[in-house]
Amino acid sequence: METVEYSRSLQWVGNLRCPACARLTPGWRSSGMSECFPHFFCSDCSNVIHREADKELVYEAATPELLAQIAATLPVCPCGGRFTPGAGPKCQHCRAEIPLVADAVAYLHNPNMVVLDGAVCFSDRRPPYWVRIVA
Ligand SMILES: [Zn+2]
Ligand SMILES: [Zn+2]
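Next up, the structure:
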């Protein structure tokens, strides 16, 4: 699998603080210009999926009906979990969920996709790639 490395010095690399253990997990956050919406995290790990086909569905409006329609087509994750609306990425240290998604319908239009260190990003336009945050 392709590996994409992001330097900690980049503007779009930062840390998420775990609500359970308070430790930090580094990650890359896409800019608003990237329009990485909608995206969905795995129920069990920090992997994330972003599909252009879903974007076409929600471009004009985000509704509970569209969310349900997309959710029914979200695939399983290689870890055994499933990409799920409302799921957040997981702490690298204790695996607790970091709650990024307060409202799954409103989140359909959130363009700032967070890919934590060690997570895999899935898309309908390119093969999966593994993200590493490096010095
Ligand atoms: Zn933690
Ligand atoms: Zn997973």
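Residue numbers for the sequence shown follow full-length UniProt numbering, so the first one is 1 and each next one is one higher.
Every residue, glycine too, gets a C-beta built ideally from N, C-alpha and C.
Would you say the segment 1-13 touches the segment 80-96, given that touching needs at least three Cβ pairs under 8 Å?
-> no
Let me know the secondary structure DSSP gives L116 once reduced to three states.
-> Numbered from 1 along the sequence shown, position 116 holds the residue referred to as residue 116. L116 falls in the strand class under three-state DSSP.
For C121, is the beta carbon positioned less than 7 Å from some heavy atom of ligand 2?
-> Stepping through the sequence shown from its first residue, residue 121 is reached at position 121. Incorrect: C121 has no Cβ contact closer than 7 Å to ligand 2.
By Cβ distance, which residues of its chain are closer than 6 Å to D100, with the 5 residues on each side in sequence left out?
-> Taking the first residue of the sequence shown as 1, we reach residue 100 at position 100. Reading the sequence as shown, one finds Leu at residue 100 and not Asp. Hits under 6 Å: G88.
Keeping to the same chain, check which residues put their C-beta closer than 8 Å to that of G118; ignore five residues upstream and five downstream.
-> The count along the sequence shown starts at 1 and reaches residue 118 at position 118. Here the set comprises S46, Q92, W130, V131 and R132.
Bridge partners - E97, DSSP secondary structure assignment | Your numbering for residue 97 matches position 97 in the sequence shown. Paired residues: K90.
Considering only heavy atoms of ligand 2, list every residue whose Cβ is less than 5 Å from one of them, following chain order.
-> This criterion selects C42, D44, C45, N47, C77, C79 and G81.
Is the CB-CB distance between residue 141 and C77 below 8 Å?
-> The shown model of the chain, from 1 to 135, leaves out residue 141, and the question about it has no answer.
Of all the beta strand (DSSP E) runs that stay within the bounds of the segment 4-32, which reach a length of 3 or more residues?
-> For the segment 4-32, the continuous beta strand (DSSP E) assignments of 3+ residues that do not extend past its boundaries occur at 13-17 and 24-29, in sequence order.
Could you name the residues, in chain order, whose CB is less than 6 Å away from a heavy atom belonging to ligand 1?
-> C18, A20, C21, R23, C91, H93, C94 and A96
The beta strand (DSSP E) with V134 in it runs from where to where?
-> Against the sequence shown, residue 134 aligns to sequence position 134. Where V134 is concerned, the enclosing beta strand (DSSP E) stretches over Y129 to V134.
Taking buried to mean at least 16 other C-beta atoms within 10 Å of its own C-beta, is R27 buried or exposed?
-> The residue labelled residue 27 in the question sits at position 27 within the sequence shown. As written in the sequence, residue 27 is Gly, which differs from the Arg given in the question. It is buried - the Cβ of G27 has at least 16 other Cβ atoms within 10 Å.
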